[in-house]
Amino acid sequence: MSLTLPPLPYAYDALAPHISSDTLHLHYDKHHKGYLDKLNGMIEGKPEAKMSLEEIIVAAHGDKAKAGMFNNAAQVWNHSFYWNSMKQGGGGEPTGDLADAINASFSNYDSFRKEFLTAGAGLFGSGWLWLVAKAGRLELVQTGNAELPLPGGDAKPLFVTDVWEHAYYVDYQNRRPDYLSAFIDNLVNWDFAAKNFAA
Ligand code: MN3
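Given below as structure tokens:
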């Protein structure tokens, strides 16, 4: 049985003008689906074909012989998490427990926002910027390439920002900082982050 992609949780033009329909078509239809198709090809006829996506990620992580499988599986998972990390009319300050946790961990929302922008701009090459909850505190975590806070591990992801160039190049060319501000000010889905925080 092969794995399938969850549908994009909104219309292709829902995030415009911050992320264009062209970018979402390219990113979801080509990149995300590309990772899934490669993964399905790799697991066909193997024990992994009977595992969940999360089980494949954990089993292949750190195994050099399964680096390709890990990379494609993690990229499938990361992108699904990324789509849910954004919404139309998102961004701005969170409320409730999440706001309290942001204040406790980063002093205040403005410091959090500044750290987010600095961490995203400072991530060299391709990767992901995560807000995670770890032992009751929130942290911004950068990961390279397909790496992620492992499912079932001690860091629980709340939201993620894709900082691979394909996520922003069509709309922002090399202006990654502009993409990062659009993400945090206009797109981040705090409801999704709050649901993950409470889980
Ligand atoms: Mn991507």
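345 is the number of the first residue of the sequence shown in the numbering used here; add one for each residue after it.
Where is the CB? At the ideal position from N, CA and C, for every residue including glycine.
Quantities reported herein were computed from a predicted structural model and do not represent experimental measurements.
Which one of ASP366, ASP506, PRO438 has the shortest CA to CA distance from PHE468? Position 124 of the sequence shown, counted from the start, is the residue given in the question as residue 468. It is ASP506 whose Cα lies nearest to the Cα of PHE468.
Indicate whether the contact test is met: 3 or more Cβ pairs, each with one atom in the segment 352-370 and one in the segment 384-391, closer than 8 Å. no
Taking GLN486 as part of the beta strand (DSSP E), name the residues at either end of that continuous run. Counting from 1 along the sequence shown, the entry for residue 486 is found at position 142. Residues 481-488.
Quick one: Cα of SER346 to Cα of LEU397, how far? Mapped onto the sequence shown, residue 346 falls at position 2. Mapped onto the sequence shown, residue 397 falls at position 53. In a straight line, the C-alpha of SER346 is about 10 Å away from that of LEU397.
Which listed residue (GLN432, LEU380, THR348) has its alpha carbon closest to that of ALA526: Here the question's residue 526 lines up with position 182 in the sequence shown. The candidate whose alpha carbon is nearest that of ALA526 is GLN432.
Count the other CB atoms, across all protein chains shown, that sit within 10 Å of the CB of SER429; report buried if there are 16 or more and exposed otherwise. On the sequence shown, position 85 is the one that residue 429 refers to. Burial call: buried.
Determine the direct distance from the alpha carbon of LEU461 to that of GLU483, and round the result to whole angstroms. Start at 1 with the first residue of the sequence shown, and residue 483 comes out as number 139. Start at 1 with the first residue of the sequence shown, and residue 461 comes out as number 117. Rounded to whole angstroms, GLU483 to LEU461 spans 13 Å at the Cα level.
Under DSSP, the alpha helix (DSSP H) around VAL338 begins and ends at which residues? Because the chain here runs from 345 to 543, residue 338 falls outside it and cannot be looked at.
Does the Cβ of SER451 have 16 or more other Cβ atoms within 10 Å, making it buried, or fewer, making it exposed? For the purposes of this step, residue 451 is taken as residue 107 along the sequence shown, with counting starting at 1. Exposed, by the Cβ-count rule.
Return yes when the C-beta of HIS423 is under 8 Å from any heavy atom of the ligand MN3, and no when it is not. Reading the sequence shown from its first residue, position 79 is the one you call residue 423. Correct: HIS423 has its Cβ closer than 8 Å to the ligand MN3.
At a cut-off of 8 Å, would you count TYR426 as near the ligand MN3, judging by its Cβ distance to the nearest heavy atom? Translated into the one-based positions of the sequence shown, residue 426 becomes position 82. Yes, the Cβ of TYR426 comes within 8 Å of a heavy atom of the ligand MN3.
Report the start-end ranges of each alpha helix (DSSP H) in the segment 442-479 that is 4 residues or longer and not cut off at the edges. 453-466
Roughly how many angstroms lie between the CA atoms of SER365 and TYR356, to the nearest whole one? As a first step, residue 365 must be located in the sequence shown, where it is residue number 21. As a first step, residue 356 must be located in the sequence shown, where it is residue number 12. Roughly 5 Å between the two C-alpha positions.
Looking at GLU352: is its Cβ nearer than 9 Å to the Cβ of HIS510? In the sequence shown, counting from the first residue as 1, residue 352 sits at position 8. In the sequence shown, counting from the first residue as 1, residue 510 sits at position 166. The amino acid occupying residue 352 in the given sequence is Leu; Glu does not appear at that position. For the pair LEU352 and HIS510, the CB atoms are not nearer than the 9 Å cut-off.
For the structure I just gave you, are there three or more beta carbon pairs, one from the segment 414-421 and one from the segment 482-502, closer than 8 Å? Contact check between the segment 414-421 and the segment 482-502: three or more CB pairs, one atom from each, fall below 8 Å, which counts as touching.
Can you tell me which of THR487, GLY464, ASN530, PRO495 puts its alpha carbon nearest to the alpha carbon of PRO521? The count along the sequence shown starts at 1 and reaches residue 521 at position 177. Ranking the options by Cα distance to PRO521, first place goes to GLY464.
Using a threshold of 8 Å, is the CB atom of GLN419 nearer than that to any non-hydrogen atom of the ligand MN3? Position 75 of the sequence shown, counted from the first residue, corresponds to residue 419. Yes, the Cβ of GLN419 comes within 8 Å of a heavy atom of the ligand MN3.
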